[in-house]
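Everything on this sheet refers to the single structure shown next.
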Amino acid sequence: MGRLFAFYKTPNPMLLTLPNILDAKDLQVADQLLANAPWADGKGSAGSQAAQVKNNHQLPYDCEASQAISAMVTRGLERHALFLTAALPRKLFTPRINRYSGAANHYGNHVDSAIRTLPGGQRVRTDVSCSVFLSNPEDYDGGELTIADTYGEQRIKLPAGHAVLYPGTSLHQVTPVTRGERLACFFWVESLVRSDEQRRLLFDMDMALMRLRQAHGESAATTALTGTYHNLLRMWADT
Ligand code: NI
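The numbering used here puts the first residue of the sequence shown at 1, with every later residue one more than the last.
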């Protein structure tokens, strides 16, 4: 099995771990930038229901740390095959950075707003949510990203540099951080394929095709199935 599907082992691929969006060098740069960053109240960017349960800090989108980390994350995503096939990105809402620590340490249950507006006025539909962990799990207690899905509640806490991808439709929360600080980068993707169900079918098919190719090489059958993949994508995608 190749590196690409080493992390694809749960029956629920719409909750997907993306390893190493940022590497050790990126994380070191991020740490330095975040040490003296201009943190602000996180409520500023939340919708009215979410603002009532949101208690964290966030960086202004235009500060140096935000812009540099956002650019690193975007570069990491663009070269990440698993991200591209799972999210089928059409537009990205600029990655933002948040912090949970001290008295500003949690974000209660909410569903993210369906539409976000970029600073330039462009709207992004939040089909897929993503969090990139910037702190290591041993640096804080609590702070789990808890996502409700069909099979129950998933509790997510990943090594620094790893990301989790989950449907924008999910009810989720960040549990209180009781020690240390939890830094993360978060953003949304408007997908070429709006429906979670259709996106998941395409992802499953793409993964199965890669396994087929690895096991048996190229054949008339893989060529035909690749054609079917693209014809489904053509039917379901909006560019
Ligand atoms: Ni949220």
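By construction, the Cβ of each residue, glycine as well, lies at the ideal position given by its N, Cα and C atoms.
| Query | Result |
| --- | --- |
| Which residues have their C-beta within less than 7 Å of a heavy atom of the ligand NI, listed in chain order? | Ala50, Tyr107, His110, Asp112, Ser129 and His172 |
| Under 6 Å Cβ to Cβ from Leu192, same chain only, skipping five residues before and after it: list those, please. | Leu88, Arg90 and Ala237 |
| In the stretch 39-67, which residue ranges form an unbroken alpha helix (DSSP H) of at least 4 residues, counting only runs that do not cross its ends? | 48-53 |
| Could you pull the DSSP bridge partners for Phe187 from this structure? | Cys130 |
| I'd like the span of the alpha helix (DSSP H) that includes Gly227, first residue to last. | Ala220 to Trp236 |
| I need the DSSP call for Lys25, collapsed to helix, strand or coil. | helix |
| Restricting to Cα atoms, I'd like to know which of Val29, Arg200 and Gly120 is closest to Gly161. | Val29 |
| Please identify the residue among Ala40, Pro19 and Asn56 whose C-alpha is closest to the C-alpha of Gly143. | Asn56 |
| Could you check how far apart the C-beta atoms of His110 and Thr175 are, in whole angstroms? I think they sit under 8 Å. | His110 to Thr175, Cβ: 13 Å. No contact. |
| Could you give the distance in angstroms between the alpha-carbon of Thr228 and the alpha-carbon of Thr74? | 30 Å |
| Short of 8 Å in beta carbon distance, which residues of its chain neighbour Gly2, apart from the five on each side in sequence? Order them along the chain. | Because Gly2 sits at a pLDDT of 42, beneath the cut-off of 50, its placement in the model cannot be relied upon, and the following sentence gives the value as read from the coordinates. The answer, listed in chain order, is Met210 and Gln214. |
| Which class does Thr175 belong to by DSSP, given the choice of helix, strand or coil? | coil |
| Spatial neighbours of Leu171 within its chain, please: CB distance less than 8 Å, with the 5 preceding and 5 following residues excluded, ordered by chain position. | Asn109, His110, Val111, Ile147 and Ala148 |
| Enumerate in chain order the residues of its own chain whose CB-to-CB distance from Ile241 is below 8 Å, with the five nearest sequence positions on each side excluded. | Residue coverage of the chain in this structure runs from 1 to 239, which leaves residue 241 outside it and unanswerable. |
| Under the criterion of a Cβ to heavy atom distance below 7 Å, does Thr150 qualify as lining the ligand SAM? | Ligands in the displayed structure: the ligand NI; the ligand SAM is not one of them. |
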